[in-house]
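138 is the number of the first residue of the sequence shown in the working numbering; add one for each residue after it.
Glycine residues also receive a C-beta, built at the ideal position from the N, C-alpha and C atoms.
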Amino acid sequence: MKYLDFKHITFAHPQFFWLLLLLPLFIFWQYRFKKKQQPTLTLSTLQGLETLPSSWKITWRGLLPVLRMLAYVFLVIALARPQNSRVNETINSEGLDIVMSLDISGSMLAEDFRPNRIEAAKKVAQEFIEDRPTDRIGLVIFSGESFTQCPLTTDQNVLKEQLKNIRSGLLEDGTAIGMGLATAVERLRNSKAKHVSSSC
């Protein structure tokens with residue numbers, strides 16, 4: 138069960154608490170106002186009045202000044218902007234720098250995988266990206282030549298969008314796997330991560 142821990146409460150604008158010094162003046166004004174509003178009636182005796190039932194209006198009239206003071210106090214507290222100063226622990230995790238190399242040559246249109254090899258490879262690549270939220274991942278495509286489709290990034294949405302746009306025929310046909318790996322390694326050359334990896 139959660140509870141309010143006052144040890145960790147701070148105020149953004151504590152200077153507003155000076156307004157509470159006006160509270161005695163407010164009480165005095167309420168007293169004077171009530172005294173002026175009180176009707177006077179001279180009776181020879183109070184006999185018989187003591188048994189009269191108390192009206193809810195009379196009770197409410199007595200509570201009204203108290204409610205006004207409470208409202209004033211809560212207003213001052215709200216102006217002071219209470220905040221929870223509990224220190225949140227930040228955990229820093231160090232990821233890898235990874236560059237994927239994807240073959241988009243004509244042979245990747247073979248349908249031994251559904252719907253074809255390239256779409257199956259893109260699906261596996263997307264699952265790989267989603268499983269590595271703390272890593273920087275880049276994407277290189279190759280066929281007869283190689284091209285950096287997406288540089289190293291932690292923005293998975295951008296990376297997956299670039300992956301989605303890949304299709305066979307974007308580059309000159311061929312299977313220059315060596316060029317694909319060389320481009321991937323080049324993208325990792327300036328990496329500051331302790332661990333780097335290229336995959337094909």
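- Its chain contains F154, A217, R218, P219 and Q220 as the residues whose beta carbon lies nearer than 8 Å to that of F148, once the 5 sequence neighbours on both sides are disregarded; these appear in chain order.
- Excluding the 5 residues flanking it on each side, R304 has no same chain C-beta neighbour closer than 6 Å.
- Under the three-pair Cβ rule at 8 Å, the segment 262 to 274 does not count as touching the segment 242 to 251.
- According to DSSP, residue pairing for G275 in a beta bridge involves V236.
- Residue burial annotation: D272 is buried, with at least 16 other C-beta atoms found within 10 angstroms of its C-beta.
- Residue environment: A208 is assigned as exposed (fewer than 16 neighbouring CB atoms within 10 Å of its CB, all protein chains considered).
- Taking 8 Å as the cut-off, the beta carbon of A321 is found no closer than this to the beta carbon of V261.
- Assignment of N294 by DSSP, reduced to helix, strand and coil, places it in the helix class.
- Closest by C-alpha distance to S280, out of L160, L246, W166 and L325, is L246.
- Between the alpha carbons of C287 and Q293 lies a gap of roughly 11 Å.
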